[in-house]
Every structure is written in structure tokens, then in C-alpha cells.
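**Q**
4 protein chains.
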Amino acid sequence: MLTINRLNQTEAKTIIDGAVNKANELGVPMCIAVVDESGNLIAFERMDGGKVHSITISQDKAFTAASARKGTHEFNKACIPGHKNNLFGIHTALGGRMCIVGGGLPITFNGSVVGGIGVSSGSPEQDLGCAQAGVDSFSKTYG
Amino acid sequence: MLTINRLNQTEAKTIIDGAVNKANELGVPMCIAVVDESGNLIAFERMDGGKVHSITISQDKAFTAASARKGTHEFNKACIPGHKNNLFGIHTALGGRMCIVGGGLPITFNGSVVGGIGVSSGSPEQDLGCAQAGVDSFSKTYG
Amino acid sequence: MLTINRLNQTEAKTIIDGAVNKANELGVPMCIAVVDESGNLIAFERMDGGKVHSITISQDKAFTAASARKGTHEFNKACIPGHKNNLFGIHTALGGRMCIVGGGLPITFNGSVVGGIGVSSGSPEQDLGCAQAGVDSFSKTYG
Amino acid sequence: MLTINRLNQTEAKTIIDGAVNKANELGVPMCIAVVDESGNLIAFERMDGGKVHSITISQDKAFTAASARKGTHEFNKACIPGHKNNLFGIHTALGGRMCIVGGGLPITFNGSVVGGIGVSSGSPEQDLGCAQAGVDSFSKTYG
Chain A
27 MLTINRLNQT EAKTIIDGAV NKANELGVPM CIAVVDESGN LIAFERMDGG
77 KVHSITISQD KAFTAASARK GTHEFNKACI PGHKNNLFGI HTALGGRMCI
127 VGGGLPITFN GSVVGGIGVS SGSPEQDLGC AQAGVDSFSK TYG
Chain B
27 MLTINRLNQT EAKTIIDGAV NKANELGVPM CIAVVDESGN LIAFERMDGG
77 KVHSITISQD KAFTAASARK GTHEFNKACI PGHKNNLFGI HTALGGRMCI
127 VGGGLPITFN GSVVGGIGVS SGSPEQDLGC AQAGVDSFSK TYG
Chain C
27 MLTINRLNQT EAKTIIDGAV NKANELGVPM CIAVVDESGN LIAFERMDGG
77 KVHSITISQD KAFTAASARK GTHEFNKACI PGHKNNLFGI HTALGGRMCI
127 VGGGLPITFN GSVVGGIGVS SGSPEQDLGC AQAGVDSFSK TYG
Chain D
27 MLTINRLNQT EAKTIIDGAV NKANELGVPM CIAVVDESGN LIAFERMDGG
77 KVHSITISQD KAFTAASARK GTHEFNKACI PGHKNNLFGI HTALGGRMCI
127 VGGGLPITFN GSVVGGIGVS SGSPEQDLGC AQAGVDSFSK TYG
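Sequence lines, in order, name chains A, B, C and D. Each residue of the first sequence is one higher than the one before, starting from 27 at the first, in this note's numbering. Each residue of the second sequence is one higher than the one before, starting from 27 at the first, in this note's numbering. Each residue of the third sequence is one higher than the one before, starting from 27 at the first, in this note's numbering. Each residue of the fourth sequence is one higher than the one before, starting from 27 at the first, in this note's numbering.
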């Protein structure tokens, strides 16, 4: 039997709050999704003014980051046509649910991935900034 | 130009809190989704122990209720093979996103639908009870 | 932080072996899927002669049983047009991934669901018999 | 409660008429879609001779432009493999519904996006020209 650590609802809210604070600081209303270590949604908030397409993209970023155990921007840097790494095309997997646009990060606890956060509605750099703020909020409170 | 009223994030949280309180009273951890008047997700919470398939079903119930402007259980009662109402089959529309299982309710303000709530993880009766508690929480606070 | 119990690969193989033995006894080659407690696939075997459509259906049965924490045949008995339980329509949710055909069972350990098994290619009764044999094999070895 | 401005049907027809006039001028029969500010379809016209695949693409362009609040061609310029903006991959999101081919534009009124237009069947440049003609028709009549 495996024993798995998984974010709970209280922790998910702490993560979202951290991202919301950063989004308010940037002045960009965001969609923010938190998933568990299996990629399934725990909590979601569309700030007033968050974009409709970002509802799905934020969830897909969170899923990708939790499942792949790395930031979606890391896939982005490596997903280049003709590159010898043979990675190009990963972005169309799972009907496009694999999201390699920046703004998704895994949430780590005691060295293992326990969930993921995905943020969307700004530029990928802004999205990543808010995702990192969510991670930092978690680390500061529970690290 | 049309002028539309739409739930904001604060109101969505009030609705979710009402449903969570009822779920705790029932002892059934729920997935709870709130959508705007166009059926797009605003807020979502999977209580610790909420079921994975209910992540999607709660959103689909909220979407159906907001878009159809009635409870999903009302569709359920009318969706009967061979019935002269010719409604049977509505449950497979939109790739199954039309959800006629009980537990979805529209949110009404000043006589127009401004959003919807969908609840899933219990029996349809329990789900509907929690959705109603969400509606009541909204009415009590903003009615 | 939540602590979750999840089937490991060795246990999944024990479950599949139990189902395969029963399928051989029945003389019906089956598709057998085992998922974890989040509904994600751990192990799959299509016995020589197993049917192509059953590749998907066995996985959907296992997903449904693990997520809903009950046998798919239990949904089948309750999913009746016009029934006052308001459950009809559950079978088309998630694009039809919710599978209410008999043959899916949850796997339970120490009182919580740790995974699911889904079997397809025979009659629902045969499928359920093989799924039960998988559960029994697990209980006998690890119970 | 949020208050949202949304295109009405009369305005949508004005937008389509502007695009149709331009398409006739170019001699290219087009598919033209107008969506509301949430990305949901309000009006659609396939001119005699408009292409079948463009039925979907025009709608996806309109959805993308309304939701993202910018022209689809702007995404096109920025969606480059290996670019430091980390945006590549946005074009496969939402099962490919995010459309970054030129020909989608938001419709703006009093500084906020109230809808979108998407045009398809010609070259992206021709499509964009017709979309712009639709926008201009709206601005001239209601601006």
C-alpha cells in the first residue's frame, strides 16, 4: 500500500489567497486553480474580471504542473520543433490538457509533490508570478 | 446594449459557505461549484473527501441550472422515454454537459438569473439540499 | 495535509490475477483495469481475445467505482427515468465516462477506498463476477 | 453584484452586415460569428459559398477575441516555440478552441469588451479585414 500526502482544503485556500494578493498587487484579475497530487481540482477562484478561457487554462496548468512535477514554463522552454530532445508535441497531448504556457507550478511538501497551482488571465510572466506567490504563501504557512 | 447582472466573487463565496455548512450538517463532504449567468465558473470547492467525478458533475449541474434557469431536478422529472413532452435525450446534449441529476439550482436576484450552484457527492436529494442552502445563504445576505 | 492510502503495483497485479483466473474459468477473455483511489489507471490487461470497446469501458467502470465508492451495478439499479430519486442521467456525465454498467467495484482497505477494478467483454454479470474475484484476491492476500 | 454590458441582437446584425459588405467587396464568401462578452454565440452567418470548417473556426476566433480581449492575430505574433515569453502552446488549449489564426477581434463599448467577432474562409488577412469592417460598422452606428 502506498501512503500519499495530499493538500487539504485549508491549505488550498492559503495558496489561492497568496496568488490573489499578488494579482491585486499587479492589478490583473486572475483565474486561480489548485489541484491535488493526482491533478484533480480542489479549489478555484475567478477574481472579478478574470477571463473566461482562463477558467480551463488555469486548471490545465495546475494539472500539468502537479502531474509532471515541474513548472509549465519548463516544458515551454524545451518544446521546440526539430529539437533533439524529441519533446515537441507534448502541448497537444490529452486533447490539449497538457498546458505548457507559463503559470503552473507544483506544490511540494517534505520533498514530494502534494498538489499544483495554475494561474491564467495575465501574461505568462504575470501568471507565473502569481503562481509563485501561491507557492510562497503555502511554504511560509506550512513549510 | 444589454445590461446584465452577474454574481461577484464575494457573493459566490457566501453561496459556497451556505452549502458547506449544510454539507457539514449532513456529514457528507461535497463538491460545490458556482457559475455566473453565462454558465462560466466563478468559484469551486472540493471539501476534504469530496468525490473526483463530482468535480465535473457539480460544475455541469451549476451550468445547466444557470443556463436553463431552473433546477436540474425539474429536468429529471420530465426526461422520460416516450413521453409526449418530447424532452427525453436532453441529458446527453453538449457531450453530457447538460446535467439533469438533482443538485443544481439557479441563483436569482431582482427577478433575473445571475448565476447557478451545483453540488455533487451525496445522493441527489442531499446535493439539492446543499444547493438550496447555498441559495438561501445568498438570499439572506443580499436579498 | 491529508494522508491517503493507495494501491501499489504489486497489489494491482494480485487483483488482476484474481480476475483473470475467474475469466479463464468462465471461458471469456476480458479487459481488466485497476485504478488508484483518484480514478487514475495503475494496471491494465487485455486477455487474448478481449474486446476493443472494452478497453475503454473497463477503465471507465474502474474509475466510476473508485470515485463513487460503490459498484457500478448499484448505479444501474437506481438510474431509472422518472424515478423520484432524481438520479437518472448520471450515466451520461463526464462525456459518458461515468459507467453504470455492471462490472466495476471499489477496492477497500482498512475502511477506505484505495482503488477500483473494472472488467468488460462478457455480460455485465460475468464482468461483475470477475471484478469480485479480483476484489477477493486482494482481500485474501492483503486483508 | 457585477453589472455587465453585452451586445444585443440588433447590434450583432450591424456587425455582421459590416463584415458581409467587406467580404462581397473582396469577392470571398465568409463565415461570420458574433459572440457576447462571455464568448457565447449571438449571431452567425455563412454566406453562400462559405467553407464548412470555417463554421467552427469563426466561432472559435470570436470566442478567443472576446475572452482574451484582443485580436487573435496578436496571439499569433507572440506564440513562437522557444520564445522567452513562455506563451507557446496557447493555441492548443481548450481542445484547440483557443484560436490564434488572424480574423478574430473584440468588440469594445465605453472601454469594456461587450462581445467579439470571428471571420473565416479567406486568408487570415482577408478574414481580419472583414472582422475589422464588422467592428467599424458597430463603432460608426453605436460609438
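The beta-carbon is built from N, C-alpha and C at its ideal position, and this holds for glycine as well. Computed from a prediction, not measured in an experiment: that's the story for all the values here.
1. Please list the terminal residues of the continuous beta strand (DSSP E) segment that includes ALA172/C.
2. Starting from ILE116/D, find everything on chain A with Cβ-Cβ shorter than 7 Å and list it in chain order.
3. Use the C-beta contact count for LYS110/B: other C-beta atoms within 10 angstroms, 16 or more gives buried, fewer gives exposed.
4. Here's the rule I'm using: 16 or more other beta-carbon atoms within 10 Å means buried, otherwise exposed. How should GLY53/B be labelled?
5. List the residues of chain C whose Cβ lies closer than 7 Å to the Cβ of VAL78/B, in chain order.
6. Going by alpha carbons, who is nearest to LYS87/C out of ASN47/C, MET124/C, ILE41/C, PHE70/C?
7. Give the C-beta separation of VAL140/D and ARG32/D to the nearest angstrom, bearing in mind that I take them to be a contact with Cβ-Cβ under 8 Å.
8. Judging by CA-CA distance, which residue of LEU120/B, SER84/B, SER80/B, GLN85/B is the nearest neighbour of PHE89/C?
9. Of all the options GLY97/D, ASN102/D, GLU151/D, GLN152/D, which has the alpha carbon lying nearest to the alpha carbon of LEU131/D?
10. Quick one: give me the first and last residue of the beta strand (DSSP E) that ASP153/D is part of.
11. Does DSSP put ASP86/C in a helix, in a strand, or in coil?
12. Rounded to the nearest angstrom, how far is the Cβ of CYS105/A from that of GLY115/D, given a contact under 8 Å?
13. So that I know if they touch, is there some Cβ in chain B lying closer than 8 Å to that of LEU28/D?
14. If we ignore side chains and look at the alpha-carbon of each, how far apart do TYR170/C and ILE30/C end up?
15. Can you tell me the Cα-Cα spacing of PRO55/B and ALA38/D, whole angstroms?
16. If the cut is a Cβ gap below 7 Å, which residues of chain D does ASN102/A touch?
17. Quick one: is MET56/A near chain B, going by C-beta distance under 8 Å?
18. Going along the chain, which residues of the stretch 129-141 of chain D sit with their C-beta nearer than 8 Å to a C-beta in chain B?
19. Is there a Cβ from chain B that is less than 8 Å from the Cβ of MET73/C?
20. Can you pull the chain B residues whose beta carbon is under 8 Å from the beta carbon of ALA119/C, in chain order?
21. Leaving aside the five residues before and after GLY160/B along the sequence, list all residues of the same chain whose C-beta is less than 6 Å from its C-beta, in chain order.
22. According to DSSP, is SER80/A part of a helix, a strand, or is it coil?
23. State yes or no: is the beta carbon of ILE143/B nearer than 8 Å to at least one beta carbon in chain C?
24. State the start and end residues of the unbroken beta strand (DSSP E) segment that holds PHE135/C.
25. Please decide whether ASN31/C counts as near chain A, where near means a Cβ-Cβ distance under 8 Å.
26. Considering only DSSP beta bridges, list what SER23/D is partnered with.
27. Along the chain, where does the beta strand (DSSP E) that runs through GLU71/B open and close?
**A** Straight from the coordinates:
1. In the structure as shown, chain C starts at 27 and stops at 169, and residue 172/C therefore has no counterpart that could be examined.
2. Looking up residue 116/D in the fourth sequence gives position 90. In chain order: VAL127.
3. Locating residue 110/B in the second sequence gives position 84, where the first residue counts as 1. Looking at its Cβ environment, which holds fewer than 16 other Cβ atoms inside 10 Å, LYS110/B is exposed.
4. Numbered from its first residue, the second sequence carries residue 53/B at position 27. With fewer than 16 Cβ atoms within 10 Å of its Cβ, GLY53/B is classed as exposed.
5. For the purposes of this step, residue 78/B is identified with residue 52 of the second sequence, where counting begins at 1. Correct list: SER64, GLY65, SER93.
6. The count along the third sequence starts at 1 and reaches residue 87/C at position 61. Minimum Cα distance to LYS87/C is reached at MET124/C.
7. Looking up residue 140/D in the fourth sequence gives position 114. Looking up residue 32/D in the fourth sequence gives position 6. That belief holds up - the Cβ atoms of VAL140/D and ARG32/D are roughly 6 Å apart, short of 8 Å.
8. The residue given as residue 89/C occupies position 63 in the third sequence. Minimum Cα distance to PHE89/C is reached at SER80/B.
9. Mapped onto the fourth sequence, residue 131/D falls at position 105. Ranking GLY97/D, ASN102/D, GLU151/D, GLN152/D by Cα distance to LEU131/D puts GLY97/D first.
10. Taking the first residue of the fourth sequence as position 1, residue 153/D is located at position 127. Where ASP153/D is concerned, there is no enclosing beta strand (DSSP E), although the alpha helix (DSSP H) it sits in stretches over 150-168.
11. Looking up residue 86/C in the third sequence gives position 60. Three-state result, ASP86/C: helix.
12. Here residue 105/A refers to the residue found at position 79 when the first sequence is read from its first residue. Here residue 115/D refers to the residue found at position 89 when the fourth sequence is read from its first residue. Yes, they are in contact, since the Cβ atoms of CYS105/A and GLY115/D sit about 7 Å apart, within 8 Å.
13. Along the fourth sequence, one-based indexing puts residue 28/D at 2. Chain B contact via Cβ: present.
14. Residue 170/C lies beyond the stretch modelled for chain C, which goes from 27 to 169, so this question has no answer here.
15. Along the second sequence, one-based indexing puts residue 55/B at 29. Along the fourth sequence, one-based indexing puts residue 38/D at 12. Distance between the alpha carbons of PRO55/B and ALA38/D is about 45 Å.
16. Position 76 of the first sequence, counted from the first residue, corresponds to residue 102/A. Simply ASN112, PHE114, GLY115.
17. Here residue 56/A refers to the residue found at position 30 of the first sequence. Taking Cβ atoms only, chain B never reaches closer than 8 Å to MET56/A, which makes this a no.
18. Against chain B - using a Cβ distance shorter than 8 Å - the residues of the stretch 129-141 of chain D are PHE135, VAL140.
19. For this step, residue 73/C is matched to residue 47 along the third sequence. No, MET73/C lies away from the interface with chain B (no Cβ there is under 8 Å from its Cβ).
20. Counting from one through the third sequence, the residue named residue 119/C turns up at place 93. In chain order: HIS79, THR82, ILE83, ASP86, GLY122, CYS125, VAL127.
21. For this step, residue 160/B is matched to residue 134 along the second sequence. Excluding residues within five positions, the ones whose Cβ falls inside 6 Å are ILE41, GLY44, ALA45, ILE143.
22. Within the first sequence, residue 80/A is the residue found at index 54, counting from 1. Helix at SER80/A.
23. For the purposes of this step, residue 143/B is taken as the residue at position 117 of the second sequence. Not one chain C Cβ lies under 8 Å of ILE143/B.
24. By one-based count along the third sequence, residue 135/C stands at place 109. Taken as a continuous stretch (DSSP letters only), the beta strand (DSSP E) holding PHE135/C covers 130-135.
25. Here residue 31/C refers to the residue found at position 5 of the third sequence. Closer than 8 Å to some Cβ of chain A, the Cβ of ASN31/C qualifies, so yes.
26. Outside the displayed span of chain D (27 to 169) sits residue 23/D, for which this structure offers no information.
27. Along the second sequence, one-based indexing puts residue 71/B at 45. First-last of the beta strand (DSSP E) with GLU71/B: 67-72.
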